[in-house]
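Numbering (this note's numbering), first residue to last: 10 to 252.
Below: one structure, written as C-alpha cells.
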Ligand code: DGT
C-alpha cells in the first residue's frame, strides 16, 4: 500500500503581514517522509508554531511551496487537508463535558473502544479509569480538575482517535513527565506503522530519538539531522542541550 503522510517544505518563507512584512520564517526546506518523526526545536519566538501552522493552512506561505503527498497544499481544500492530520495545540482546549465527549471531539462517530484505545496510547486510560466515573467524568467547572499533564494527555487522545496520517504535537507534552512521554512515543511508534509525526519541543529529550531534528533560530533552519549529527555540527543545538 502506498504510504501517506509525506511533507515537503520547499524554500518556504512566511510573514503574518504578507509580502514585504517582517518574515517569521525564511527559506525553510526539509522533507518528512511517510512514517517519519521530525522534531522541531528552537528558542521561544523562533517560529516553530508558525511553521507547523502552515501545514493545515491556518496561514498560507508568503513564498515557496508546501506539499503533502506531492500536492501543493494550496490546491487542497483546507477541510480535506485537515482530515488527514491532527494537531495538538500548545494550549490544551478541553470543554466542560465528559472525558468521553472531549476525546470524541476528534471523531464524533468513534466507538467507546476506539476512544479507549486512543486514551491508552496517550497514557490517559489509567488515570481516567481511576476516577469514580471513568470516561463519564466531567472536565472542569464542578467536575474533576485534571492536572496540566493529564489534560495534555486527553488532548493527545483526542488527536489519536481521529487516526490521522499526520500528527502534529506543538509542545504538547511539556507538562508530562519524561518517563510518561517516553511511553507515549513508544505507543505512537507501534501504532499503524506509517504515522508521520511532527513534534515541537522545548527539551532535547523530547526530540532526541526523532528520525531528524530541525533546529530553528530566528525563523531560519540552522541545523537539520539526527541528535548525534547535530551534537557535532550545530552550535545552537549544543547550546540548547547544555541549557
Ligand atoms: P514558542 O511557542 O514561544 O516556543 O515560539 P515559537 O518558536 O513557536 O514561535 P512562533 O511561531 O509562535 O512565533 C514566531 C514569531 O511570530 C514571533 O515573533 C511572534 C510572531 N507571531 C506568532 N504568532 C503570530 C500571530 O498570530 N500574528 C502575528 N502578527 N505574529 C505572530
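All C-beta atoms, glycine included, are put in the ideal place defined by N, C-alpha and C.
Check                                                                                                                        : Outcome
Presumed contact (8 Å Cβ cut-off) between residue 135 and residue 107, rounded CB distance                                   : Wrong, their Cβ atoms sit about 17 Å apart, outside the cutoff.
DSSP bridge partner residues for residue 76 (one or two, in chain order)                                                     : 17, 81
Residues of its chain near residue 187, where Cβ-Cβ distance is below 6 Å and the 5 sequence neighbours each way are ignored : 214
Ranges of the alpha helix (DSSP H) found wholly within the segment 179–229, counting only runs of at least 4                 : 187–199, 213–216
Residue environment, residue 87, which counts as buried when at least 16 other CB atoms sit within 10 Å                      : exposed
Contact the segment 177–191 vs the segment 21–36: 3+ CB pairs below 8 Å                                                      : no
Simplified DSSP assignment, three categories, for residue 233                                                                : strand
Residue 23 (DSSP reduced to helix, strand or coil)                                                                           : strand
Touch test, the segment 53–66 against the segment 118–138, Cβ-Cβ under 8 Å, three pairs minimum                              : no
CB-CB length for residue 147 against residue 105, believed under 8 Å                                                         : 7 Å
Bridge-paired residues (DSSP) for residue 94                                                                                 : 175
Spatially closest choice to residue 237 from 230, 225, 220, by CA coordinates                                                : 220
Boundaries (first-last residue) of the beta strand (DSSP E) holding residue 61                                               : From DSSP, residue 61 is part of no beta strand (DSSP E) but of the alpha helix (DSSP H) over 57–62.
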